[in-house]
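J.:
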Amino acid sequence: MKKITSIILAACLVLGLTSGTAYASSANLSAAQQTVQALGIMTGDENGNLNLTGNVTRAQLAKMMIAASTYKDTISSTAKSSPFKDVRYTHWSASYVQAAVVAGWMTGYTDGTFRPDNNVKLEEAVSAVLKMLGYSTSDFTGAFPEAQIAKYNALGLNTSITALQGKTLTRQDCMYLFYNLMSTKTKSGSYYATTLGYTVNSSGELDYSSLVLANMKGPFIVEDSSWNTTLPFDASTAKVYMNGSLSTSSSLSQYDVYYYNVSSKTIWSYRNKVTGVYTTASPNASAPSSVTVAGNTYSVSTSAAAYSLSELGTFKIGDSVTLLLGINNDVVGVLSASQINSIVYGFVSSTGKKTFTDSTGSSYSAMTVTVASTDGNSYEFECDNKYVDTGDLVQVSYEGNSMTVASLAEKSVNGTVNSSGSALGSLSFANDVKILDSTKNGAFAKIYPARLAGLTLSTSDVRYYVLNAEGNICQMILNDVTGDMYKYGILTSFGESAGTINYSYIYNGNSSKYSANSLSFGTTEGPVQIEFSGSSIVSMKNLSKLKLSSVSSSYVISDGLEYQIGDNACVYIYKDERYILSNANTLSNTASSYTIYGYYDKPANKGGRIRVIIAYAGNTPLM
6 MKKITSIILA
16 ACLVLGLTSG
26 TAYASSANLS
36 AAQQTVQALG
46 IMTGDENGNL
56 NLTGNVTRAQ
66 LAKMMIAAST
76 YKDTISSTAK
86 SSPFKDVRYT
96 HWSASYVQAA
106 VVAGWMTGYT
116 DGTFRPDNNV
126 KLEEAVSAVL
136 KMLGYSTSDF
146 TGAFPEAQIA
156 KYNALGLNTS
166 ITALQGKTLT
176 RQDCMYLFYN
186 LMSTKTKSGS
196 YYATTLGYTV
206 NSSGELDYSS
216 LVLANMKGPF
226 IVEDSSWNTT
236 LPFDASTAKV
246 YMNGSLSTSS
256 SLSQYDVYYY
266 NVSSKTIWSY
276 RNKVTGVYTT
286 ASPNASAPSS
296 VTVAGNTYSV
306 STSAAAYSLS
316 ELGTFKIGDS
326 VTLLLGINND
336 VVGVLSASQI
346 NSIVYGFVSS
356 TGKKTFTDST
366 GSSYSAMTVT
376 VASTDGNSYE
386 FECDNKYVDT
396 GDLVQVSYEG
406 NSMTVASLAE
416 KSVNGTVNSS
426 GSALGSLSFA
436 NDVKILDSTK
446 NGAFAKIYPA
456 RLAGLTLSTS
466 DVRYYVLNAE
476 GNICQMILND
486 VTGDMYKYGI
496 LTSFGESAGT
506 INYSYIYNGN
516 SSKYSANSLS
526 FGTTEGPVQI
536 EFSGSSIVSM
546 KNLSKLKLSS
556 VSSSYVISDG
566 LEYQIGDNAC
576 VYIYKDERYI
586 LSNANTLSNT
596 ASSYTIYGYY
606 DKPANKGGRI
616 RVIIAYAGNT
626 PLM
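In terms of our numbering, the sequence shown opens at residue 6 and continues consecutively.
(1) Can you list, in chain order, the residues of its chain with a C-beta nearer than 7 Å to that of residue 126? Leave out the 5 residues immediately preceding and following it.
(2) Within its chain, find whatever has a CB closer than 6 Å to the CB of residue 220; leave out the 5 residues flanking it on each side and keep chain order.
(3) Name the DSSP bridge partner or partners of residue 275?
(4) Compute the beta-carbon to beta-carbon distance between residue 588 and residue 576, rounded to the nearest angstrom, for a pair I have assumed lies under 8 Å.
(5) Could you tell me whether the segment 466-476 touches the segment 506-522, where touching means 3 or more Cβ pairs closer than 8 Å?
(6) Comparing alpha-carbon positions, which option in 454, 64, 543, 97 lies nearest residue 250?
(7) With H, G and I counted as helix, E and B as strand and the rest as coil, what does DSSP make of residue 630?
(8) How would you write the range of the beta strand (DSSP E) that residue 377 sits in, first residue to last?
(9) Kindly list the residues whose CB is nearer than 7 Å to the CB of residue 166, restricted to its own chain and excluding five residues on each side of it in sequence; keep chain order.
(10) I'd like to check one pair, residue 399 with residue 412: are the Cβ atoms closer than 8 Å?
(11) Please go through the same chain and pick out, in chain order, the residues whose beta-carbon is closer than 7 Å to the beta-carbon of residue 46, but skip the five residues on each side of it.
(12) For residue 29 and residue 425, what's the separation of their Cα atoms in angstroms?
(13) Buried or exposed: where does residue 328 fall if 16 or more other Cβ atoms within 10 Å of its Cβ makes it buried?
(14) Check residue 170 in the structure and name its three-state DSSP category.
(15) Secondary structure at residue 129, three-state DSSP: helix, strand or coil?
(16) Using only alpha-carbon positions, find the residue among 618, 430, 354, 134 that is nearest to residue 562.
(17) Out of 83, 490, 614, 409, which has the shortest C-alpha to C-alpha gap to residue 448?
(18) Using 10 angstroms around the beta-carbon of residue 128, count the other beta-carbons present and answer buried if the total reaches 16, otherwise exposed.
(19) Buried or exposed for residue 583, going by 16 or more other Cβ atoms inside 10 Å?
(20) Closest by CA to residue 236, which one among 210, 246, 222?
(21) Taking 8 Å as the cut-off, decide whether the C-beta atoms of residue 375 and residue 402 are in contact.
(22) If we call anything under 8 Å between Cβ atoms a contact, is residue 201 one with residue 227?
(23) Give the straight-line distance between the Cα atoms of residue 32 and residue 132, rounded to the nearest whole angstrom.
(24) So the alpha helix (DSSP H) residue 153 belongs to, where does it begin and stop?
(25) Which same chain residues, not among the five before or five after residue 517, have their C-beta less than 7 Å away from its C-beta?
(26) How about residue 568 and residue 548: are their beta carbons less than 8 Å apart?
(27) Alpha carbon to alpha carbon, how far is residue 263 from residue 382? Give it in angstroms, no decimals.
(28) Taking 8 Å as the threshold, find out whether the segment 112-123 comes into contact with the segment 75-93 through three or more Cβ pairs.
(29) Rounded C-beta distance between residue 603 and residue 615? I'm assuming under 8 Å.
(30) Do residue 243 and residue 255 have their C-beta atoms within less than 8 Å of each other?
(31) Excluding the five sequence neighbours on either side, which residues of its own chain have a C-beta within less than 8 Å of the C-beta of residue 58, listed in chain order?
(32) For the beta strand (DSSP E) containing residue 440, list its first residue and its last residue.
(33) Run through DSSP, which three-state label would residue 288 get?
(34) For residue 583, which residues does DSSP report across the bridge?
(35) Could you check what DSSP says for residue 111 in three-state terms: helix, strand or coil?
(36) Per DSSP, residue 515 is paired with what?
Encoded structure:
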């Protein structure tokens, strides 16, 4: 299974799957519900409603057990024989009942009936699930069901279940029973979830990323408006995500890549395309497993894409192509650059000269530009425009196999971004808007619209923007609005020696040094904002501080006011003259033991965030 990337992590987050032991809380209800749905154990009605207050019949339990077992993909929904006189082969549950009985998990009655519509009592379900874990009647002493109930309690299978012995099991109780089953050890000592091929942590908790991936179908490419007719559920009622954000099925358009999960009726779609010159195939052009386009290398994940990029396929090295990228930024499909109106917007981060190979195998040299694109990535393009220089705004476009790099004049807009992050003034953001924040020295970061919520942008804050056919902002380049392009650390010492200024600093828990012959940043020791250009530091400034009364995972409180913690903020404990990397959760539980300060780059209404948090044990340094 491929390593999950930030994109699928985002998909898991929006799916609502959270790890942890089962507790009787709304958060755990959501986790349990999403889990049993993702596994296909409980699918609900046409709207995904699990009807948790209803009862569970013996036939329903049989089907749930099969869905929660290694038989899941081997049992047909139709049967050829009748397992019991009251479960004819035409009964919807016949194949599941037969499989559960053959496995030894359930039994019929002495009169030859199964009584599929009878409600299940707690002890019946407990006995069946214990058998799924590998226990048999000989493992218990004493009368049924007291011994089985005792084992059920000892294993923790009872967590969040309200039904008692002799009482009917509700669908919610059954949901928790199977949820708990996944993190329970079998008689042989392995966690049950691992017997199904899923990954668990040391506590037996499911790795939900592996769960989502294992039950995800795809990739598929939208060819035309009929794409949704091939889905096994109604796309109009499905949960749909576009590049990790909630969307609708109507938002998918030609050449989008999508995946789906039948049980949760969820569609994940991606509109990630890369256009550029195809320069390298690895390990060879006969069977490429990875290719280099526009200076970046991408894994090829489908046989169709691999064939298209091979010597036998449509595209050869030196051709201008558009790659359709999937969930792991891997190549799912390939188009000619002229087949789709793909324009790259960004600014030039560097220029140079490089040797390339054309479609005939001949080498040639050409000037190049590296463009920081609004999608947050850098791309390398050949450029014969001698007027393009570092820092310039550019657009890269294609016509046939010909590419043009053109300079752009700045084009600004101003206004306040609404509280939902969906519009700037009177202009709405497109669902797939690409926003890049940048500095004058070339640092940049991809920004999501929600990051700008509530901020007022002046004309100097926006370097460029593009409207789509609907009049919505689809591309935007900002000028140092969020501060998310910088690194944030702690300057621990600095001084001059033999004409060289030496800086010692900590970033992300690691100590580093930097030396410069004639550079003084005018900073003092303490938390700082650092801007890099390659491996060189080009700017450094001190952060402002707040004394904190409490810390959580996403915000801090100072003087009764709440301040948001920035992405990738670092938390340290300062003790015995050392900075020890920690985390916000640790501080939230031990805040009373420390004097805690939060350090920010600028006021929150200007886009600032808490970037560094230091908990001081003992005396507080003057910083």
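Don't be surprised by glycine CBs; every beta carbon is placed ideally from N, CA and C.
T.: Working from what's here:
(1) Position 121 of the sequence shown, counting from 1, holds the residue named residue 126. Around residue 126: 171, 172, 173, 174.
(2) Taking the first residue of the sequence shown as position 1, residue 220 is located at position 215. Closer than 6 Å at Cβ, skipping near neighbours: 43, 266.
(3) Start at 1 with the first residue of the sequence shown, and residue 275 comes out as number 270. Bridge partners of residue 275: 262.
(4) Sequence index remark: in the sequence shown, residue 588 carries index 583 (1-based). Sequence index remark: in the sequence shown, residue 576 carries index 571 (1-based). About 5 Å separates the two Cβ atoms, so the contact holds.
(5) no
(6) Sequence index remark: in the sequence shown, residue 250 carries index 245 (1-based). Checked all of 454, 64, 543, 97; the closest Cα to residue 250 is 454.
(7) For the chain, the structure presents residues 6 to 628; residue 630 sits outside this window and is missing.
(8) One-based indexing of the sequence shown puts residue 377 at position 372. Start and end: 368-378.
(9) Here residue 166 refers to the residue found at position 161 of the sequence shown. Result list for residue 166: 178, 181, 182, in chain order.
(10) Within the sequence shown, numbered from 1, the residue matching residue 412 stands at position 407. Within the sequence shown, numbered from 1, the residue matching residue 399 stands at position 394. Going by C-beta atoms, residue 412 is nearer than 8 Å to residue 399.
(11) Indexing the sequence shown from 1 puts residue 46 at position 41. So the list reads 69, 72, 73, 183, once near-sequence residues are dropped.
(12) By 1-based counting over the sequence shown, the position of residue 29 is 24. By 1-based counting over the sequence shown, the position of residue 425 is 420. Annotation note: pLDDT 36 at residue 29 (below 50); position unreliable, no value reported.
(13) Sequence index remark: in the sequence shown, residue 328 carries index 323 (1-based). By the 10 Å Cβ count, residue 328 comes out buried.
(14) Position 165 of the sequence shown, counted from the first residue, corresponds to residue 170. Looking at residue 170 - three-state DSSP - the assignment turns out to be coil, as it is neither helix nor strand.
(15) Numbered from 1 along the sequence shown, position 124 holds the residue referred to as residue 129. Note: residue 129 maps to helix in three-state DSSP.
(16) The residue labelled residue 562 in the question sits at position 557 within the sequence shown. The residue with the shortest Cα to Cα distance from residue 562 is 618.
(17) As a position in the sequence shown, residue 448 is number 443, starting the count at 1. Residue 448 has its Cα closest to that of 490, out of 83, 490, 614, 409.
(18) Working through the sequence shown from its first residue, we reach residue 128 at position 123. That one is buried.
(19) Along the sequence shown, one-based indexing puts residue 583 at 578. Under this definition residue 583 is an exposed residue.
(20) As a position in the sequence shown, residue 236 is number 231, starting the count at 1. Considering only alpha carbons, the answer is 222.
(21) Position 370 of the sequence shown, counted from the start, is the residue given in the question as residue 375. Position 397 of the sequence shown, counted from the start, is the residue given in the question as residue 402. No, they are not a contact pair.
(22) Position 196 of the sequence shown, counted from the first residue, corresponds to residue 201. Position 222 of the sequence shown, counted from the first residue, corresponds to residue 227. Against a cut-off of 8 Å, the Cβ pair of residue 227 and residue 201 comes out as no contact.
(23) In the sequence shown, counting from the first residue as 1, residue 32 sits at position 27. In the sequence shown, counting from the first residue as 1, residue 132 sits at position 127. Because residue 32 carries a pLDDT of 41, less than 50, the predicted location of this residue cannot be relied on, and no value is offered for it.
(24) By one-based count along the sequence shown, residue 153 stands at place 148. Looking at the DSSP string, the run of the alpha helix (DSSP H) that includes residue 153 is 151-159.
(25) Position 512 of the sequence shown holds residue 517. Closer than 7 Å at Cβ, skipping near neighbours: 510.
(26) Numbered from 1 along the sequence shown, position 563 holds the residue referred to as residue 568. Numbered from 1 along the sequence shown, position 543 holds the residue referred to as residue 548. Not closer than 8 Å, so no.
(27) Taking the sequence shown and counting its residues from 1, the one referred to as residue 382 is at position 377. Taking the sequence shown and counting its residues from 1, the one referred to as residue 263 is at position 258. Taking the straight line from one Cα to the other gives about 21 Å.
(28) yes
(29) For the purposes of this step, residue 603 is taken as the residue at position 598 of the sequence shown. For the purposes of this step, residue 615 is taken as the residue at position 610 of the sequence shown. Indeed they touch by this definition, with Cβ atoms about 4 Å apart.
(30) Within the sequence shown, the letter at position 238 stands for residue 243. Within the sequence shown, the letter at position 250 stands for residue 255. No, these two residues do not count as a Cβ contact at 8 Å.
(31) The residue you call residue 58 lines up with position 53 of the sequence shown. Closer than 8 Å at Cβ, skipping near neighbours: 175, 176, 177.
(32) One-based indexing of the sequence shown puts residue 440 at position 435. Note, residue 440: beta strand (DSSP E), 432-443.
(33) Counting from 1 along the sequence shown, the entry for residue 288 is found at position 283. If DSSP states are grouped into helix, strand and coil, residue 288 belongs with coil.
(34) As a working note, residue 583 is residue 578 in the sequence shown. DSSP lists 580 as partners of residue 583.
(35) Counting from 1 along the sequence shown, the entry for residue 111 is found at position 106. Looking at residue 111 - three-state DSSP - the assignment turns out to be coil, as it is neither helix nor strand.
(36) Locating residue 515 in the sequence shown gives position 510, counting from the first residue. DSSP output for residue 515 lists 512 as bridge partner(s).
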